[in-house]
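FYI, in the UniProt record's numbering the residues of the sequence shown are 1 to 86.
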Amino acid sequence: MWNTLLFSIGILVALGVFKALLLRSKLPPGPPALPLLGNLLQILTSRTWLVFDQWTKKYGPIFYLNIAGQNTIVLGTHKAAADLLD
1 MWNTLLFSIG
11 ILVALGVFKA
21 LLLRSKLPPG
31 PPALPLLGNL
41 LQILTSRTWL
51 VFDQWTKKYG
61 PIFYLNIAGQ
71 NTIVLGTHKA
81 AADLLD
């Protein structure tokens, strides 16, 4: 019984990693993330906008974050947002 449970968990983890790698290849660049939490711990500061500003300078005006499993695209400049909406 435990072997079957562990095998099932292993398969789910492997599928999750595969999905993350496949999805990540199609997204804009962004900071490295932790499993499950993503970039959540990196943005939990009192000055989140400063972290986003640093990432905009490092990764460009459009970058990708994973916030606790939620895929997020950040538009770091007014021009990037205007270009996307036009």
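Think of the CB as a built atom: it goes at the ideal place given N, C-alpha and C, for glycine as much as any other residue.
**OP:** Taking all protein chains shown into account, decide if residue 65 is buried (16 or more other Cβ within 10 angstroms of its Cβ) or exposed.
**Re:** The residue labelled residue 65 in the question sits at position 65 within the sequence shown. Buried, by the Cβ-count rule.
**OP:** Starting from the C-beta of residue 63, find all residues in its chain whose C-beta is less than 8 Å away, skip the five residues before and the five after it, and write them out in chain order.
**Re:** Counting from 1 along the sequence shown, the entry for residue 63 is found at position 63. The residues are 28, 29, 30, 31, 55, 56, 73, 74 and 76.
Original post:
Helix or strand or just coil, what does DSSP make of residue 65?
Top reply: Taking the first residue of the sequence shown as 1, we reach residue 65 at position 65. In this structure, residue 65 counts as strand in the three-state DSSP scheme.
**OP:** Output the residue ranges of the alpha helix (DSSP H) runs that lie fully inside the region 6-60 and measure 4 residues or longer, sorted by chain position.
**Re:** Runs found: 40-43 and 48-59.
Original post:
Is the beta carbon of residue 14 within less than 7 Å of some heavy atom of the ligand ADP?
Top reply: The ligand content of the structure shown is nil, which means the ligand ADP is not present either.
Original post:
Can you give the beta carbon distance from residue 109 to residue 38, rounded, assuming they're within the 8 Å contact cut?
Top reply: Outside the shown range of the chain, which is 1 to 86, sits residue 109, and nothing can be said about it.
**OP:** Report the residue from 36, 78 and 16 whose alpha carbon sits nearest the alpha carbon of residue 67.
**Re:** The residue labelled residue 67 in the question sits at position 67 within the sequence shown. The shortest CA-to-CA distance from residue 67 to any of 36, 78 and 16 is the one to 36.
Subject >> Buried or exposed by the 16-neighbour rule on C-beta atoms within 10 Å, applied to residue 82 >> reply: Residue 82 sits at position 82 when you count from the first residue of the sequence shown. Per the 10 Å Cβ criterion, exposed.
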